[in-house]
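Listed in order, the protein sequences are those of chains A and B.
Take 1 as the starting number for the first sequence in our numbering and just add one per residue.
Take 572 as the starting number for the second sequence in our numbering and just add one per residue.
Below: one structure, written as structure tokens.
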Amino acid sequence: MPSCIFPPALIYIGAAILVPSLRGRIRDVFILLVPVIAFAQLLTFTPGEFWTIPFLDDYQLILLKVELIRLCFAYVFVILSFLATLYALHIKQPGQHVAGLFYVGASLGVVFAGDYFTLFVFWELMAVSSAAVILSRNNRSSRHAAYRYLLVHIAGGACLMAGIVFQLAATDSIAVVTPAPGLPFYLILIGFCLNAAVPPLSAWLSDAYPEASVTGAIYLTAYTTKTAVLVLALVFSGTEILIWAGAIMTLYGVVFAMLENDIRRLLGYHIISQVGYMVCGVGLGTELAVDGATSHAFSHILYKGVLFMGAGAVIHATGRRRMSELGGILRKMPLTFILYMIGAFSIAGAPGWNGFISKSMIITAASDVHMPVIELMLVLASIGTFLSTGLKLPYYTFIAPDRGIKVGRLPKNMTAAMIGGAFLCTMFGIFPDLLYRLLPFASEYHPYTADHIFGSLGCMIATGLVFMIFARYLGGHMTITTDTDWFYRKAGNYLLRFTEGPLDNGAQAFTRFVVRSVENVTNAIYHPGSIIRTSDSSAAARGTLIQSIGIGVGLTSVVGIMYLIFFYFSV
Amino acid sequence: MSKRTYFIVIGALALVCAAEFFVHPHHTIYPWHTIPCFEAVFGGIGCVAIILVSRVLGQFFLWRTTFSVPLEQRNADTGSSTARVLNWLVESGVRVSENQPIVEIEISGNTKVLLAPARGKVVQLFADPGNELRAGETLYNIEVTHTVAEMLQKRFCGEEDAHA
């Protein structure tokens with residue numbers, strides 16, 4: 001029994017329930033205190049602790065299984081929840097705070113879940129609460145996006161559940177281990193990959209995240225995809241298909257980001273791209289690769305938070321979200337620009353920031369196992385990342401010619417959260433050992449070698465030069481990019497038309513048929529002799545409808561009771 | 572970009588490349604790990620490749636041109652520069668002709684009907700009846716040809732070109 005009253009997941013969920021009853025300054029202090037308490041609790045955990053409860057006689061639910069890799073994800077989840085809460089502190093309505101805390105709690109539940117049943121429950125809770133975060137913006141586009149998001153994740157959850165059931169049938173155990181080969185393996189893999197946004201199951205991410213509110217989006221960037229990376233690392237480490245899926249993902253995200261005009265959607269595609277590195281690292285499965293995936297997840301959560309906060313600050317201050325409508329706000333928002341650029345240098349892997357110390361681990365791991373194509377694909381994706389998040393987005397948002405955009409004031413807490421995130425990105429970049437000693441396998445790795453530093457710098461400066469040559473052709477286009485969500489949007493529309501048209505007509509015809517048959521039977525009972533009478537007036541039909549329903553219910557209950565009596569005596 | 576910026580960037584690139592000749596490669600597995608400046612060359616070529624590939628995919632397969640029609644200043648209350656959306660006269664997904672009525676708004680007590688700025692397909696509505704919008708915020712997205720989108724851009728967002 002560990003040194004806590006309940007797992008960190010329940011701290012967040014309990015706090016979420018309390019939030020609506022608090023107001024003003026007290027609530028602000030309370031929601032900032034939750035991550036602090038959870039972090040203090042995490043510090044007391046030592047690997048190997050369990051918190052189990054018996055379940056259905058034969059099974060054990062493991063609500064808290066502490067391992068180094070899980071602990072590493074939990075630390076950064078809690079840190080980001082503090083920054084995200086701080087960033088959203090000026091929001092007066094409690095809805096988003098509740099949804100956000102619930103979401104963090106659910107993802108911490110997944111992080112520490114030691115059995116598939118607990119994992120599934122928190123997995124679904126995560127889907128629902130993240131949809132609530134999107135919904136809390138409460139306008140038309142966010143409602144639609146949240147609805148599509150929820151449908152996709154329910155499908156993914158159903159797939160996972162089916163996999164878990166098959167796994168239980170095959171092995172008679174619900175422990176989180178590599179599933180039995182065959183159906184359970186692939187169903188669980190698909191369920192996890194959907195949450196990790198592996199294409200073609202990735203369109204939900206870039207579709208829904210930019211529709212969340214400026215503050216809600218910060219929560220979304222971190223949890224769903226990274227819990228998926230963690231569970232992939234726990235049970236699918238070394239699965240070869242993930243190496244290629246991950247490498248393709250990195251380039252897929254980069255190409256789609258290049259086509260994007262909406263600044264947060266561009267960054268959303270780079271979540272897909274960066275998670276690709278982690279999925280690839282998990283697929284490689286060596287100690288260095290899994291350490292790389294873990295540390296990259298840690299770094300990614302911090303710098304992606306900073307990038308989304310920066311983009312959100314621009315949207316908050318200007319009311320515009322497309323690069324083709326922005327430009328020239330550098331003088332008016334210099335601090336936001338600097339902090340955004342720290343995030344951009346981190347994601348691009350510039351020496352001195354935290355992307356450099358983690359991304360290079362995965363790339364080195366790929367060359368260690370002699371996969372040159374993978375290594376070059378990952379480096380290429382890194383170039384594309386710098387091109388769109390480090391050059392194109394800031395150039396067209398901040399530096400391009402001024403359009404006379406009015407810039408509003410930023411709340412102080414938003415700036416503070418950005419500073420906090422940028423500080424952590426720089427701190428872990430300069431002192432990589434702070435992060436490396438948290439890693440599960442503690443592999444020996446030194447990022448700051450002279451050839452590595454000069455190599456990265458050369459690569460980035462060359463990218464910058466090419467950008468300068470092509471800059472005039474790269475501006476935001478007023479276009480919408482078709483992604484794989486096209487399929488379910490179209491299919492959804494056709495399904496809706498089918499249900500409203502043929503299916504509904506069919507159902508009505510069927511109802512009419514049933515009503516008429518019941519009517520005829522009724523007539524046969526009430527008026528023996530006149531067997532068939534077609535109903536001619538609708539009022540009469542309604543009258544007989546009620547009668548026939550009554551008789552139908554009566555008959556059914558008699559049959560049911562008789563069945564129960566027979567059943568009782570036969571047992 | 573100014574000549575000075577080019578000068579600085581090319582200078583920095585030359586410096587880094589020169590430095591690589593004096594650095595002993597640390598972690599060599601493939602031949603290219605030993606080639607000096609490999610990363611810089613790969614970076615330049617890779618960057619061009621990404622730009623071209625994404626552009627071709629966009630132009631021929633993935634791009635649809637939409638324009639976000641904003642609430643104009645002249646259609647907003649002069650004091651608070653807001654207007655209230657009363658009623659949508661179209662649904663999303665509907666093809667509209669130029670000057671077809673799209674939305675009823677209320678500006679300081681008066682009702683006004685806004686018309687479609689061009690022929691196209693309404694793809695997304697960004698407000699519900701009863702919502703207050705500030706001038707400059709998006710009312711709805713309309714799918715149009717690229718040239719029309721550029722014309723609308725000039726009309727709604729001033730004369731500056733995005734590529735100037």
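Backbone N, C-alpha and C fix where the C-beta goes; we use that ideal spot for every residue, glycine too.
Query, Result
"DSSP state of Phe55 (chain A) mapped onto helix, strand, coil", "strand"
"Residue-level contact to chain A via CB, Met572 (chain B), 8 Å cutoff", "yes"
"Neighbourhood of Ala720 (chain B) by C-beta distance below 8 Å, restricted to the same chain and skipping five residues each side", "Thr636, Thr637, Phe638"
"Span of the beta strand (DSSP E), counted from its first residue to its last, around Ile79 (chain A)", "Where Ile79 (chain A) is concerned, there is no enclosing beta strand (DSSP E), although the alpha helix (DSSP H) it sits in stretches over 68 to 87."
"Limits of the unbroken alpha helix (DSSP H) element including Tyr277 (chain A)", "263 to 284"
"Neighbour flag for Met722 (chain B) against chain A, beta carbons, 8 Å", "no"
"Span of the alpha helix (DSSP H), counted from its first residue to its last, around Val612 (chain B)", "609 to 628"
"Any chain B beta carbon closer than 8 Å to Ile243 (chain A)", "no"
"Start and end residues, beta strand (DSSP E) containing Leu439 (chain A)", "Where Leu439 (chain A) is concerned, there is no enclosing beta strand (DSSP E), given that its DSSP letter is neither H nor E."
"Option in A:Tyr59, A:Asp58, A:Leu71, A:Gln60 with minimal Cα separation from Ala9 (chain A)", "A:Leu71"
"Contact list for Gln644 (chain B) against chain A, beta-carbon separation under 9 Å", "Near Gln644 (chain B) there are no residues of chain A at all, since even the closest Cβ is about 11 Å away, more than 9 Å."
"Phe697 (chain B): contacting residues in chain A (beta-carbon distance under 9 Å)", "Asn139, Arg140, Ser141"
"Beta-carbon neighbours of Ser651 (chain B), restricted to chain A and to distances below 7 Å", "Going along chain A, no residue has its Cβ under 7 Å from Ser651 (chain B), so there is no contact; the nearest lies around 14 Å."
"Where Ser652 (chain B) falls, given that 16 or more other Cβ within 10 Å makes a residue buried", "exposed"
"Within 8 Å of chain A by C-beta, residues of the stretch 614 to 636 of chain B in sequence order", "Gly614, Gly615, Gly617, Cys618, Val619, Ala620, Ile621, Ile622, Val624, Ser625, Arg626, Leu628, Gly629, Phe632, Leu633, Trp634, Arg635, Thr636"
"According to DSSP, residues forming a beta bridge with Trp659 (chain B)", "B:Val674"
"Presumed contact (8 Å Cβ cut-off) between Val612 (chain B) and Met468 (chain A), rounded CB distance", "With a Cβ gap of about 17 Å, Val612 (chain B) and Met468 (chain A) do not count as contacting."
"Own chain partners of His598 (chain B) with C-beta closer than 8 Å, once the 5 adjacent residues on each side are dropped", "His604"
"Chain-order list of residues whose beta-carbon lies under 6 Å from that of Gly109 (chain A) (same chain, five-residue window excluded)", "Ala9, Phe122"
"Identity of the residues DSSP links to Pro641 (chain B) by a beta bridge", "B:Thr709"
"Status (buried if at least 16 other CB within 10 Å, exposed otherwise) for Lys226 (chain A)", "buried"
"Burial state of Tyr558 (chain B), where buried means 16 or more other Cβ atoms lie within 10 Å", "Absent from the structure is residue 558 (chain B), since the part of chain B shown begins at 572 and ends at 735."
"Contact belief for Gly614 (chain B) with Gly283 (chain A) at Cβ below 8 Å, rounded distance in angstroms", "About 25 Å; that fails the 8 Å criterion."
"Residues within the stretch 578 to 599 of chain B neighbouring chain D, beta-carbon criterion of under 8 Å", "Here the protein chains are A and B, and chain D is not one of them."
"7 Å Cβ shell around Leu685 (chain B) - same chain, five flanking residues per side excluded", "Asn646, Ile673, Val674, Ile676"
"Assigned secondary structure, Thr398 (chain A) (DSSP; H/G/I helix, E/B strand, else coil)", "Note on residue identity: the sequence assigns Phe, not Thr, to residue 398 (chain A). Helix."
"Cβ neighbour criterion (16 or more within 10 Å) applied to Glu662 (chain B)", "exposed"
"Any chain A beta carbon closer than 8 Å to Gly691 (chain B)", "no"
"Reduced DSSP secondary structure (H/G/I, E/B, other) of Asp648 (chain B)", "coil"
"Straight-line gap, Phe45 (chain A) to Leu642 (chain B) (C-alpha atoms, nearest Å)", "54 Å"
"Test item: CB-CB of Ser358 (chain A) and Ser295 (chain A) under 8 Å", "yes"
"Cβ-based burial, Leu234 (chain A) [other Cβ within 10 Å; buried from 16]", "buried"
"Min CB distance Trp655 (chain B) to chain A below 8 Å", "Residue identity check: residue 655 (chain B) is Arg in the sequence provided, not Trp. Answer no: the Cβ-Cβ gap between Arg655 (chain B) and chain A never drops below 8 Å."
"Amino acids of chain B, ordered along the chain, whose beta-carbon sits closer than 8 Å to that of Gly384 (chain A)", "Gly617, Cys618, Ile621"
"Contact between the stretch 198 to 208 of chain A and the stretch 243 to 255 of chain A (3+ Cβ pairs under 8 Å)", "yes"
"8 Å Cβ cutoff, Val314 (chain A) in contact with chain B", "no"
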